[in-house]
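**Q** This note's numbering runs 585 ahead of the 1-based position in the sequence shown. All residues carry an ideal CB built from backbone N, CA and C; glycine is no exception.
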Amino acid sequence: MIDAREAGASGDGRSDDTQALRGAIAQAADRGGVVHLPPGRYRTNTLELPSHVTLRGEGGWSYRDPGATVLLPAGEKQTCLIDLSLARGARLTDLALHGELKGRRMHGVAVVRPRKTPRPRRPPGAAPLSRADRLDVAMGGASHLPPLEGEQNIVIDNCWISLFTGSGIHLERSHVWCVRHSLVTYNGIDGIDGHTSADAWVIDNQIGFNARYGLHIGSSTTVTANRIEQNDQAGLKFNDFYVEDDVVTGNHFCSNRGTGIDLVRAHDDGNVRGVTITGNHLRNSGCAMT
C-alpha cells in the first residue's frame, strides 16, 4: 500500500497535490496495489488511474458533508477529476469527489473514448438497421475502438460525488462496471451517465438533484435498491437508440421533476428488447413512466 502523505501530498486543501498523487499512483502501478489517502482535502488536476490500482480514502461522508478524504479540482479546464479511460480492474472506494462547480462540463469520474467511426446517417425510407448495427451505434462504435477491448471491471464503491459541472460519473463505451453504496448529487448534467456502455450494476445508491437525468443507461444494466430523486428531466433514462437486457427492480423514484422512468423514445422499430421493470415505487414525478 502506498500512502499519499508519505509520497508528498499535503492534503491541506490549498496546495496542489497533483504531482505527489500521480507519483503515488505510478508506484502502485508497478505491481498493482492500493494508494491510500488519509483524511484531508487533496487538490489535484486530473488523475489517470492505471489498471489494477485502487484509490482508497477514509469515507465518513454524509448527505451534505463530504467526509474525511476529499478530492478537489486544481484547475478550471480539467475534463474530469479521475480518468479511468484505459484502466482495467480499477477501484475507487471511500472517497469524496467535490467539483466545486468549477470549469465547464467537468466530470467527477470519466471514461472517455473518442469515436473513430461517424454515426451512420440513413436516408428517408431506408430499411431499419440490423440488431448488430443498432447495438454498435448505441455503443458509439465500440467495436471500432481497439485500444481497450473487452471488460474494464471498474468499481466505484462508497463514494460521495457532487457539484461537478458535467456528470458525476461519465462512462463512454465502458464494458463491465459497477457503482454501489454511493451518493451522486447536484451535478450539472447527469448523476451517472453510462448510456453508451454495457454490462453494469448500479446498486444501493442515492442519486438526486442532478440537472438532467439521475441515471442514463445503455444495455445489460442491472439497477436495484437505489433512491433516485429530484432530478430535473428524468430519474432513469434509457438509451434512445437501443436498449437490451436491462433489469430495473426495487428502486424508489421520488419527486423527479420530469419522468420517473423514461424508456421509450424509439428511433427504429424493435429498439427495446428484454427489459424488465418490476417492484419499483414511483412517487410525485411529473409522469411516472413513458
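Give a yes or no on whether the C-beta atoms belonging to phenylalanine 749 and glycine 693 are separated by under 7 Å.
**A** Pairing phenylalanine 749 with glycine 693 gives a Cβ-Cβ distance under 7 Å.
**Q** Name the two residues that bound the continuous beta strand (DSSP E) containing glycine 820.
**A** According to the DSSP assignment, glycine 820 belongs to the beta strand (DSSP E) that extends over 819 to 823.
**Q** Straight-line CA distance for asparagine 743 to serine 670?
**A** 21 Å
**Q** Where does asparagine 772 land, buried or exposed, given buried means 16+ other C-beta within 10 angstroms?
**A** buried
**Q** Going by the beta-carbon positions, is the gap between histidine 780 and isoleucine 802 smaller than 7 Å?
**A** yes
**Q** Nearest by alpha-carbon distance to leucine 848: which of Asp825, Arg868, Ala810, His766 is it?
**A** Asp825
**Q** For serine 804, write down the residues that DSSP places opposite it in a beta bridge.
**A** Ala783
**Q** Please classify histidine 755 as buried or exposed, where buried requires at least 16 other C-beta atoms within 10 Å of its C-beta.
**A** Per the 10 Å Cβ criterion, buried.
**Q** Return the CA-CA distance between proline 705 and aspartate 588, expressed in angstroms with no decimal places.
**A** Caution applies to proline 705, whose pLDDT of 49 falls short of 50 and renders its modelled position unreliable; the value that the coordinates give is listed next. For proline 705 and aspartate 588, the distance between alpha carbons rounds to 48 Å.
**Q** Which residue from Asp602, Asp830, Cys763 puts its Cα closest to that of alanine 675?
**A** Comparing Cα positions, the closest option is Cys763.
**Q** What's the call for glutamate 829, buried or exposed, on a 16-neighbour Cβ count within 10 Å?
**A** buried
**Q** Does DSSP put glycine 598 in a helix, in a strand, or in coil?
**A** strand
**Q** Do histidine 637 and glycine 617 come within 7 Å of each other at the CB atom, strictly closer than that value?
**A** Yes, the pair counts as a contact, with Cβ atoms nearer than the cut-off.
**Q** Where arginine 641 and threonine 631 are concerned, what is the direct C-alpha to C-alpha distance, given to the nearest angstrom?
**A** 16 Å
**Q** Would you mind working out which of Ser870, Pro623, Pro635 sits nearest alanine 681, comparing C-alpha positions?
**A** Here the closest residue by C-alpha is Pro623.
**Q** What would DSSP say about threonine 750, mapped onto helix, strand or coil?
**A** Reduced to three states, the DSSP call for threonine 750 is coil.
**Q** Confirm, please, whether the CB-CB distance from arginine 698 to arginine 758 is below 7 Å.
**A** It is a contact, given that the beta carbons lie within the stated cut-off.
**Q** Within a Cβ cutoff of 7 Å, which residues of the same chain sit near asparagine 738, ignoring the five residues on either side of it in sequence?
**A** Arg673, Gly674, Val761
**Q** Give the range of the alpha helix (DSSP H) segment to which leucine 677 is assigned.
**A** First-last for leucine 677: 676 to 678, but that is the beta strand (DSSP E), not the alpha helix (DSSP H).
**Q** Taking the straight line between their C-alpha atoms, what separation do you get for serine 647 and aspartate 679?
**A** 12 Å
**Q** Distance, Cα to Cα, glutamate 633 vs aspartate 668?
**A** 5 Å
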